[in-house]
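Protein chains in written order, with our numbering: chain A, 643 to 1025; chain B, 643 to 1025; chain C, 643 to 1025; chain D, 643 to 1025. Glycine residues also receive a C-beta, built at the ideal position from the N, C-alpha and C atoms. Note that the coordinates shown come from a computational prediction; the quantities given were computed from them, not determined experimentally. Input: a single structure, listed below in structure tokens.
4 protein chains.
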Amino acid sequence: MERSTEAAADVDRINTFFPLMPQLGMRWARTRPWEDLTIAVNAHLTTLTAALLRELTLGGGSWVVCAANVHTTDAGVVELLRAQGIEVVHGRDRDNHDRHLATIAHGPEFVADVGFELLGTLLSRSPDHIASVKGAVEITRTGINRLRAIRELPFGVVNINDSELKYNVENRHGVGEGLWPCLTDITGMHLSGRRVLIVGYGPVGQGVASYARARGASVEVVEIDPIRRLVANYDGFPTPSADEGLRRADIAVTVSGVPHAITVKQLRAVGSDLLLVNAGHGADEIDVTGLRAAAVRGDQLGPHCVRYQLRDKGPWLTVLGGGNPLNIVLNAGSPEPVLLHFALLGLTLEWLAKGSLPPGEVIVPRELQAEVARLALSARGHG
Amino acid sequence: MERSTEAAADVDRINTFFPLMPQLGMRWARTRPWEDLTIAVNAHLTTLTAALLRELTLGGGSWVVCAANVHTTDAGVVELLRAQGIEVVHGRDRDNHDRHLATIAHGPEFVADVGFELLGTLLSRSPDHIASVKGAVEITRTGINRLRAIRELPFGVVNINDSELKYNVENRHGVGEGLWPCLTDITGMHLSGRRVLIVGYGPVGQGVASYARARGASVEVVEIDPIRRLVANYDGFPTPSADEGLRRADIAVTVSGVPHAITVKQLRAVGSDLLLVNAGHGADEIDVTGLRAAAVRGDQLGPHCVRYQLRDKGPWLTVLGGGNPLNIVLNAGSPEPVLLHFALLGLTLEWLAKGSLPPGEVIVPRELQAEVARLALSARGHG
Amino acid sequence: MERSTEAAADVDRINTFFPLMPQLGMRWARTRPWEDLTIAVNAHLTTLTAALLRELTLGGGSWVVCAANVHTTDAGVVELLRAQGIEVVHGRDRDNHDRHLATIAHGPEFVADVGFELLGTLLSRSPDHIASVKGAVEITRTGINRLRAIRELPFGVVNINDSELKYNVENRHGVGEGLWPCLTDITGMHLSGRRVLIVGYGPVGQGVASYARARGASVEVVEIDPIRRLVANYDGFPTPSADEGLRRADIAVTVSGVPHAITVKQLRAVGSDLLLVNAGHGADEIDVTGLRAAAVRGDQLGPHCVRYQLRDKGPWLTVLGGGNPLNIVLNAGSPEPVLLHFALLGLTLEWLAKGSLPPGEVIVPRELQAEVARLALSARGHG
Amino acid sequence: MERSTEAAADVDRINTFFPLMPQLGMRWARTRPWEDLTIAVNAHLTTLTAALLRELTLGGGSWVVCAANVHTTDAGVVELLRAQGIEVVHGRDRDNHDRHLATIAHGPEFVADVGFELLGTLLSRSPDHIASVKGAVEITRTGINRLRAIRELPFGVVNINDSELKYNVENRHGVGEGLWPCLTDITGMHLSGRRVLIVGYGPVGQGVASYARARGASVEVVEIDPIRRLVANYDGFPTPSADEGLRRADIAVTVSGVPHAITVKQLRAVGSDLLLVNAGHGADEIDVTGLRAAAVRGDQLGPHCVRYQLRDKGPWLTVLGGGNPLNIVLNAGSPEPVLLHFALLGLTLEWLAKGSLPPGEVIVPRELQAEVARLALSARGHG
């Protein structure tokens, strides 16, 4: 039970300094929106998920939680949730589908999903349980892409990925804020005066670029789309070609959302030592597999830090976090932006329980976002 | 002819350091997209408009230019356009409708409008000329609102106000960049360390706030919409109530888009000297009329600078530019953002001339914006 | 008298928004520190000098003002000073020495000098008047260098150039704040995303670099001294060699304090268009004379804006302000930093009148600076 | 030996990304500046000290290292140094004087001290060993204050605390860079939009304030000295009184260098929750002892995080790190600034070994600083 105590202490401390979730919990304890309902939640079992579920369960109903990924499952969180009477489906011994089916077997009226994975299994392998589902929520870009590929959704799904809050707060102020201290923690480098190249200028790229600049780095941006490239330029960043930018950079960060945004061929042309970091969606924005295969030398300098050479006496190419999104690998930065997103998930489940959503995708209503914003401002003391 | 020489020199100098328009002119001179067509343009007759029209007319066709507003008409520009063989309809002796009707009488196939004013007169007072119009362009928010109030548009109108370029470049990097040096020019105040309150956090407000912060001001934001208020807070600005913010501010700037965003009642509660500036749409975001009526004293300290007192020995309330958008009053800042918008107007007219637009509103295609972006990057040496 | 009215209005407006001088004037009117004394002031006859002298003369005594430079003499200011009963020695018909001798002839007890010019004439050509001088003040770096070359000063001279206020406020927040809007005013360029090279990283260079960065420029610094170069690097700026920096820059600004910080040879190696600006001490930090002589072409694009080519079809090298310090040429930026310096001059003259300074140089006492700081904070509403 | 392996890996990784020390080591291995000499070093036995000593010992001589503080002694570092043949004097069982005397017993010709502690013991308790000492180095402000209180120093002491490098790099870019991520790590708070009060505006305070602002905080400064207060104001920070500033702040950070910069009396007047952090010299800049005594409640929320209440239902006053300098408690931030300082220490010892320093204090020569700067620029790839 020690681990669960630690997880509980983490949840408490987060709630102390940003009491967004407890505000919601108090309200749900009063209104009991999910009384007599069953809700299935597919999620990464982290401290933040525990902070969400603690408050959700105050609102009544039966909650079944499915571990989205065995690698992201925190054992303390599992213990903590079970201690709170929540049904948790996890286990390395089961494959994803097994977990999904065991979750679905509880016959949920509402489903909160990540990556449209639980819903995908429901639609493809568990047709008997579809009829009882009255609504669902999907929180990721990948999940939205998958649901849009489905011809006829048999129930309504609320898209909370495309909220203004995610675009303007989580994307811009979540990743970049936590990322840069990670680089210093691992390498000891002081960012000031270093040449940083950001590959990709969507909202996450914008945040990563602006936080780098705020730490004193000299930042340039590579972006294929000319409109975004011009915006980057007016936002204060030179916009060279990828090859020219890589030639000059001390540090390159991918936030492009596409595989092989940095290729081995480009790395062969680099003239001096380069630090490579991914802060985007997948694990392959930098072609680390290709780099590893092509390297004449690779030294592990510490956890999350490997140095390669593509030719003898050539420049060092150091990869942090193995090319996985570094902020996630190190669980870095303030939890506030993610908690905003989770609060929106909770309010969406409350809204679903009140009414009857027609089949098909619907973007999360602006009024729900406004309510999260009001509560968050109050939690920050700017209410 | 001296004034026209000066206007021509201004156009030349702008084109020298940001050769966006000349790139387009060279292309139009080659392709002649408007050969045998008549195009009517309703516009403020400023140097930047002259820079646009000089290039447009290289593409053939007959051009009729209507002065949108006699107060914004630069006599040198009128002379310059006429010297280039362009028909110019202006004159203080005519009212707006007269100018519009004189313009429409040329029977244009295409119309570029500002505020949907020329098109409004065409639809309401000149039905005979509607049939020959094959397409139009509207560049302002006000104009888009007006056209959306019309039941059935008899021709296609391209909305270039809702472009990504306008949202991300002109709004964010146009107004704020030029505004703050104006304050120093008029008052001598050094912005550093001053408490600045921004009223409204749309894209223009975001730009005005971030440029104030960059100049060393301590910035707070008032915004009614909770989502925007939370975004402002994560963008780095405390978000007090209007009353609390005004109490503390040295300088308040309205960018709200609504009348009386600052009322006389609020100004009565102010405890120390306050500088009031509008950088929004209308002239009444600050209730200057009310302030003038209620004041016990008003001193003209210089052009664009009047100081009021609402009670004897009370704080001074200084209004710059009479409450009109100060950046426009002083024609301040870099012309680049506006030229981007004008280039998009030119490319839209070129696109219209190629095809046949169905009736109704259409947002300017992203590909046209991408083309402006490519040309602008090249003009900035980041191509 | 119209010009003098305008100068008086300018003084009033500056005093309204930054009432530092009037605070001092009220005090001097009460204490009359200069009663029965004669004080000679050698100064550039600008609006700010008028603002200073108006308050000084409230403190009693006979004031004789000598125009430091006929080119910087504002006719309105001369009229205004005379209307206030101040003796003004100026005139294009006199050479510098004539003006100095006419000033000295008044037999001043105290002298405030700029560039040690009036004092230089006193020492070298007017020995009879030395004995009556009880103390002096010098406000410029050049003047301090000159006085240190003199073997034995016959009276005490207070050095107010080496004050903390000048180092930390005037140098860092004076020049850079006013400079960048000048570039946009003349060329129309938007600074965001432009590559700017700062040549020299003393306190003025630091201010110019940080204000450029705040406006969105991508800034690099050239500096010969390795300690300052490292400080620049940790302050967030790459520090290339001059040649490498010039190759990449869109804009180069000299703030080095040395002649020919940018040479014609270096300009021959530049690969693309470059804007050249001086914000340093002399007029020859950029070798404009050499550039003009070597150019195959030179076009005047407007006042303060000439474009040169060193070879046919070569890059354009545009010089603003003829290589003179551009912020001074255009009298740009907030007057606050200079007024702080002038207030310190006034307090120093008050301090001199109270006591008996031994011969030799003395740095302005910290307590006088502290008093200026207290008054300035109060004038800014942060007292 | 596992701990020593880990310490060695840390040293290697730091050296990989900032190879300042290895450059010096290669040179010393060649020149052997300390051949046949004995050098005593009093230092905190951290990884960075190990990185320094590894290179120093390549230059020959006998090295004796005394642990400056048993609480800051890293056991892995002790093992590592011993494995490199360095004599290490440490141990909880000995008091400070015992360690000092055991160190002095080696009869060093040169001494590098921290806090003038080893030298203090030498002068007061070990007169027989004074004659053989040819020179010393002191690296802290406290140590310099102590040595200046000594009437006649019997040997020369180089003051490296008052170097330009320390003032402009370590103070401004060391503390603030590492501090703010600590706050987020402990509390989860996102800094953006939070009201931060900095108490003290010396060079460290300037760095802490500017890094807070860069992370999006709204920063105000309290500073007693009016000149520094005015500089803070022009640097962009409102400068309220301490009481007014504390009333509004979400977070207060002391960097004043004086005890009780924040008193219990002031904390009683606080109106809403406040986070308290010290980043200054001592452990008593915030009166934590008084707060603890006066509190009606105190909750330990995690390591380094205790919440107090001064009255029932009153605001929460959370103290991080127990009031000790938080960046040091958590060993946060880039090691680069400290390594610069250590490199200067090494070069000073090299310089001492070459010549014969007269008795008394001498500021470290600028040329030594310039050499560190050149090497550091090269280590950062900006050589």
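List, in chain order, every chain B residue whose beta-carbon is nearer than 7 Å to that of residue i.
i, result
"residue 946 (chain C)", "Going along chain B, no residue has its Cβ under 7 Å from residue 946 (chain C), so there is no contact; the nearest lies around 11 Å."
"residue 1022 (chain A)", "875"
When you compare the CB of residue i with every CB in chain C, is at least one pair closer than 8 Å?
i, result
"residue 934 (chain D)", "no"
"residue 887 (chain A)", "no"
"residue 847 (chain B)", "no"
"residue 973 (chain D)", "no"
"residue 844 (chain B)", "no"
"residue 978 (chain B)", "yes"
Would you say residue i reaches chain A, if we count a Cβ-Cβ gap shorter than 8 Å as a contact?
i, result
"residue 914 (chain C)", "no"
"residue 815 (chain B)", "yes"
"residue 1015 (chain B)", "yes"
"residue 826 (chain D)", "yes"
If we cut at 8 Å on Cβ distances, does residue i have a partner in chain B?
i, result
"residue 803 (chain A)", "no"
"residue 646 (chain C)", "no"
"residue 823 (chain C)", "yes"
"residue 1012 (chain A)", "yes"
"residue 832 (chain C)", "yes"
For residue i, which residues in chain C fall below 8 Å Cβ to Cβ?
i, result
"residue 880 (chain A)", "835, 837, 860"
Mind pulling the chain A residues with CB within less than 7 Å of residue i?
i, result
"residue 657 (chain B)", "By Cβ distance, chain A contributes nothing, its closest Cβ being about 19 Å from residue 657 (chain B), past 7 Å."
"residue 651 (chain D)", "944"
For a contact meaning CB atoms closer than 9 Å, what does residue i contact in chain C?
i, result
"residue 857 (chain B)", "819, 853, 856, 857"
"residue 967 (chain B)", "Per Cβ cutoff of 9 Å: no residues; residue 967 (chain B) is ~18 Å from chain C at best."
Which residues in the same chain as residue i place their Cβ atom closer than 6 Å to its Cβ, once the five residues preceding and following it in sequence are excluded?
i, result
"residue 897 (chain A)", "842, 846, 847, 850, 921, 922"
"residue 730 (chain B)", "707, 720, 723, 724"
"residue 844 (chain C)", "none"
At a CB-CB cut-off below 7 Å, which residues of chain D make contact with residue i?
i, result
"residue 807 (chain C)", "869"
"residue 810 (chain C)", "873"
In its own chain, which residues sit with a C-beta less than 8 Å from the C-beta of residue i, not counting the 5 before and 5 after it?
i, result
"residue 756 (chain C)", "684, 685, 686, 710, 780, 781, 782, 785"
"residue 704 (chain D)", "679, 680, 681, 729, 748"
Please list, in chain order, the chain B residues whose beta carbon lies closer than 8 Å to that of residue i.
i, result
"residue 1019 (chain A)", "868, 871, 872, 875, 881"
If I measure Cβ to Cβ from residue i and keep anything under 7 Å in the same chain, skipping five residues before and after, which residues do I get?
i, result
"residue 646 (chain A)", "718, 721, 722, 725"
"residue 806 (chain B)", "1011"
Would you mind telling me which residues of chain A sit closer than 8 Å to residue i, beta carbon to beta carbon, in chain order?
i, result
"residue 691 (chain D)", "Chain A residues near residue 691 (chain D): none, gap ~15 Å exceeds 8 Å."
Quiz item: Which residues, in order along the region 860-876 of chain B, keep a beta-carbon less than 8 Å from a beta-carbon of chain A?
Solution: Among the residues of the region 860-876 of chain B, those with a Cβ less than 8 Å away from any Cβ of chain A are 867, 868, 869, 871, 872, 873, 875, 876, in the order of the chain.
Self-check item: the region 657-689 of chain A: positions lying closer than 7 Å to chain D by Cβ
Solution: Cβ contacts with chain D come from 658, 659, 660.
Quiz item: Taking one C-beta from the region 737-756 of chain B and one from the region 664-683 of chain B each time, how about it: are there three or more such pairs within less than 8 Å?
Solution: Verdict: yes, contact present.
Quiz prompt | Cβ-based contacts, 8 Å cut-off: residues of the region 892-916 of chain D near chain A | solution = 892, 914, 915
Quiz item: Is the region 892-912 of chain C close to the region 856-864 of chain A, with three or more CB pairs under 8 Å?
Solution: no
Quiz item: Does the region 785-804 of chain B come close enough to the region 992-1005 of chain B to have 3 or more Cβ pairs within less than 8 Å?
Solution: yes
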